[in-house]
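Structure first, then comments.
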Amino acid sequence: MRLPNEQLIRVRVTVIAMVVTGFIAMLGYGALLAFIRFQAGTQLTNQLTFTARQVATIARAGHLTSPIVSGNPGLIQVQNERRQVVAASRSLVGLSALRAPRPTSESPLFQHICPGSRCFTAVVTRVDAPSGPLTVYVLAPELGLFPRPGLAVLLALGIPVSIGAAGVWRWWLAGRRLRPLELIRAELDEINAADLHRRVSVPPKRDEFHWLVMAVNATLDRLEAAVDQQRQLVSDVSHDLRSPIAGLRAELEAALIDPEGTDLRAALGKTLKNTERLQNIVTELLVLARREAGLPGRAERVDLGDLAEREVARRPRRVAAKVDAEPGVVARVNNVDIGRVLTNLLDNAARHADSEVIVTVRREDDEAVVEVFNDGEAIAPEDRGRIFERFIRLPASRKRDSGGSGLGLAISRDIADSYGGSLTLADDDLGTRFVLTLPLLDDPS
Numbered sequence: 088m089r090l091p092n093e094q095l096i097r098v099r100v101t102v103i104a105m106v107v108t109g110f111i112a113m114l115g116y117g118a119l120l121a122f123i124r125f126q127a128g129t130q131l132t133n134q135l136t137f138t139a140r141q142v143a144t145i146a147r148a149g150h151l152t153s154p155i156v157s158g159n160p161g162l163i164q165v166q167n168e169r170r171q172v173v174a175a176s177r178s179l180v181g182l183s184a185l186r187a188p189r190p191t192s193e194s195p196l197f198q199h200i201c202p203g204s205r206c207f208t209a210v211v212t213r214v215d216a217p218s219g220p221l222t223v224y225v226l227a228p229e230l231g232l233f234p235r236p237g238l239a240v241l242l243a244l245g246i247p248v249s250i251g252a253a254g255v256w257r258w259w260l261a262g263r264r265l266r267p268l269e270l271i272r273a274e275l276d277e278i279n280a281a282d283l284h285r286r287v288s289v290p291p292k293r294d295e296f297h298w299l300v301m302a303v304n305a306t307l308d309r310l311e312a313a314v315d316q317q318r319q320l321v322s323d324v325s326h327d328l329r330s331p332i333a334g335l336r337a338e339l340e341a342a343l344i345d346p347e348g349t350d351l352r353a354a355l356g357k358t359l360k361n362t363e364r365l366q367n368i369v370t371e372l373l374v375l376a377r378r379e380a381g382l383p384g385r386a387e388r389v390d391l392g393d394l395a396e397r398e399v400a401r402r403p404r405r406v407a408a409k410v411d412a413e414p415g416v417v418a419r420v421n422n423v424d425i426g427r428v429l430t431n432l433l434d435n436a437a438r439h440a441d442s443e444v445i446v447t448v449r450r451e452d453d454e455a456v457v458e459v460f461n462d463g464e465a466i467a468p469e470d471r472g473r474i475f476e477r478f479i480r481l482p483a484s485r486k487r488d489s490g491g492s493g494l495g496l497a498i499s500r501d502i503a504d505s506y507g508g509s510l511t512l513a514d515d516d517l518g519t520r521f522v523l524t525l526p527l528l529d530d531p532s
């Protein structure tokens with residue numbers, strides 16, 4: 088069974104917490120055992136040292152007897168200079184002398200000796216007795232790995248308990264922390280294409296989930312805007328395609344109904360005009376789709392003055408058009424893309440000009456500037472931002488020419504932006520002036 092994403096996060100967090108807790112608990116367990124063993128060893132050494140000093144005091148006074156009776160822990164053996172046993176604890180009476188290094192002074196010497204199969208911790212000290220120098224050995228069995236087995240078992244049981252407690256605590260805490268994420272997911276599941284206006288409730292606490300919801304809602308804003316734009320695009324395309332298609336159908340039906348009374352030349356002219364409009368709309372839609380798919384043309388050195396001259400020269404002379412270009416204004420762009428921008432600007436200028444269109448190409452700091460001016464009616468300030476939107480055609484434009492699609496300026500601005508430039512509408516009381524800027528090529532040669 089596949090767990091939900093938030094449960095997977097919860098499981099991972101819990102497992103990590105349990106592993107970390109187990110690792111820390113094992114380190115703590117080892118450190119505690121080492122401390123307990125050190126404390127037990129220190130205590131044993133102190134006890135053996137105390138016993139050795141007591142026996143040395145008795146030997147120094149000449150009151151040493153065998154077997155030695157002591158109320159302190161430790162096995163005792165006293166040897167003379169010839170390593171002969173002169174006194175010993177009851178359990179060591181009759182045993183051979185211990186073979187271990189002797190101290191050269193009365194300072195205690197700590198040793199580990201193994202007289203047989205067992206090893207002992209020993210404190211060895213030297214004492215000057217009335218009968219001569221003596222060596223006192225006080226021994227106790229070496230401490231094992233667990234000096235206090237009961238405490239070691241109790242501490243060991245604490246490891247799984249601490250791991251389990253950490254797991255339960257982290258599972259509960261992760262569930263509490265991830266609860267807002269589950270609420271976000273549930274709200275997102277309820278949002279579909281029919282109600283993109285809905286948004287996820289923003290948590291009041293300014294934590295990570297707050298900013299996550301803010302980012303999600305911002306994404307939903309962009310998604311809603313994109314869907315609205317797509318719907319508007321479909322609506323506008325349908326509207327703009329309907330007129331030329333209806334015109335084509337009307338002309339064809341009229342010719343079929345009354346072939347004798349139809350002016351064939353005039354009908355074909357209208358049909359051709361409607362077909363050209365359809366072609367323009369489809370072409371601009373294809374260009375728009377290519378731009379949105381991120382398929383720009385190959386950049387190359389383009390002399391903008393020469394390009395403007397060619398574009399003006401190949402256009403029909405409906406109005407007078409001239410080019411005023413500085414030499415050597417070169418940009419690294421795609422020739423077809425910038426040619427399309429100039430074509431759109433020149434088409435727009437020709438539709439609105441009263442008598443002339445002027446194209447100016449010049450340098451301005453590190454930019455190449457292309458201006459397309461027409462002496463027609465200036466665009467109202469409130470409409471200057473709208474004209475760069477898709478399928479926007481102002482009433483004056485529709486009145487002058489019904490053949491435009493409303494995509495040309497939107498495509499042109501997108502092309503300019505893609506090359507790091509811009510396309511704007513400048514203030515001009517004498518007409519309309521579009522300004523195209525592009526990064527100037529440093530070395531035009």
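For what it's worth, this note's numbering labels the leading residue of the sequence shown as 88, then goes sequentially. For every residue, glycine included, the Cβ atom is placed at its ideal position computed from N, Cα and C.
| field | Unbroken alpha helix (DSSP H) run spanning residue 280, endpoints | value | Note, residue 280: premise wrong, no alpha helix (DSSP H); not H, not E.
| task | Work out the CA separation of residue 329 and residue 321 for me, nearest whole Å. | result | Residue 321 and residue 329 have their C-alpha atoms some 12 Å from each other.
| query | How far does the beta strand (DSSP E) with residue 209 in it reach, from first residue to last? | reply | For residue 209, the enclosing beta strand (DSSP E) begins and ends at 207 to 216.
| query | Below 8 Å, can you find three or more Cβ-Cβ pairs linking the stretch 393 to 413 to the stretch 498 to 508? | reply | The answer is no - the stretch 498 to 508 does not touch the stretch 393 to 413, with fewer than three Cβ pairs under 8 Å.
| field | Cα-Cα separation, residue 121 to residue 134 | value | Between residue 121 and residue 134, the C-alpha separation is close to 20 Å.
| Contiguous alpha helix (DSSP H) assignments of at least 4 residues, all confined to the stretch 325 to 386 | Every alpha helix (DSSP H) of 4 residues or more that sits fully in the stretch 325 to 386 is shown, in chain order, as 351 to 379.
| Between the C-alpha atoms of residue 468 and residue 474, what's the straight-line distance to the nearest angstrom? | So the two alpha carbons sit approximately 11 Å from each other.
| request: Express the C-alpha separation of residue 117 and residue 167 in angstroms, rounding to a whole number. | output: About 44 Å.
| Quick one, are the C-beta atoms of residue 417 and residue 435 less than 9 Å apart? | Contact flag unset, no.
| said: Let me check understanding here. Comparing Cα to Cα, which of 410, 443, 441 and 398 lies closest to residue 426? | reply: Closest by alpha carbon: 398.
| request: Return the bridge partner residues of residue 100 from the DSSP annotation. | output: Per DSSP, none; premise fails for residue 100.
| What are the boundary residues of the beta strand (DSSP E) that residue 427 is part of? | Counting along the chain, residue 427 sits inside no beta strand (DSSP E); it lies in the alpha helix (DSSP H) bounded by residues 422 to 439.
| If we ignore side chains and look at the alpha-carbon of each, how far apart do residue 130 and residue 222 end up? | Rounded to whole angstroms, the gap between the alpha carbons of residue 130 and residue 222 is 23 Å.
| Buried or exposed: which applies to residue 456, given that a residue is buried once 16 or more other Cβ atoms fall within 10 Å of its Cβ? | Only buried fits residue 456, as 16 or more other CB atoms lie within 10 angstroms of its CB.
| said: Run through the DSSP bridge pairs and tell me what residue 219 is partnered with. | reply: According to DSSP, residue 219 shares a beta bridge with 216.
| Which term fits residue 267, buried or exposed, when burial requires 16 or more other beta carbons within 10 angstroms of its beta carbon? | Looking at its Cβ environment, which holds 16 or more other Cβ atoms inside 10 Å, residue 267 is buried.
| task | Check the C-beta distance from residue 144 over to residue 210 and give it rounded, since I have them as a contact under 8 Å. | result | So it is not a contact: roughly 14 Å between Cβ atoms.
| Would you call the CB atoms of residue 390 and residue 506 closer than 9 Å? | No, the pair does not count as a contact, with Cβ atoms beyond the cut-off.
| Does the count of Cβ pairs from the stretch 211 to 219 and the stretch 146 to 163 closer than 8 Å reach three? | Result yes; three or more Cβ-Cβ pairs closer than 8 Å.
| query | For residue 174, does the count of other Cβ atoms within 10 angstroms reach 16, so buried, or fall short, so exposed? | reply | Flag for residue 174 reads buried.
| request: Measure the Cβ-Cβ separation of residue 262 and residue 105 and say whether it is below 9 Å. | output: Not closer than 9 Å, so no.
| message | I need the boundaries of the beta strand (DSSP E) containing residue 498, first residue and last residue. | response | Segment 495 to 505 is the alpha helix (DSSP H) holding residue 498; no beta strand (DSSP E) there.
| Continuous beta strand (DSSP E) stretch holding residue 517: start and end | No beta strand (DSSP E) contains residue 517, which DSSP labels as neither H nor E.
| request: Pair every Cβ in the stretch 232 to 251 with every Cβ in the stretch 181 to 190, then say whether three or more of these pairs are closer than 8 Å. | output: The stretch 232 to 251 is not in contact with the stretch 181 to 190.
| request: Would you list, in sequence order, the uninterrupted beta strand (DSSP E) runs of no fewer than 3 residues that lie entirely inside the stretch 103 to 133? | output: DSSP assignment within the stretch 103 to 133 yields no whole beta strand (DSSP E) run of 3 residues or more.
| task | Name the one or two DSSP bridge partners that residue 176 has. | result | According to DSSP, which records beta bridges pairwise, residue 176 is partnered with 155.
| query | Mind checking whether residue 447 and residue 411 have CB atoms under 9 Å apart? | reply | The criterion of a C-beta distance shorter than 9 Å is satisfied by residue 447 and residue 411.
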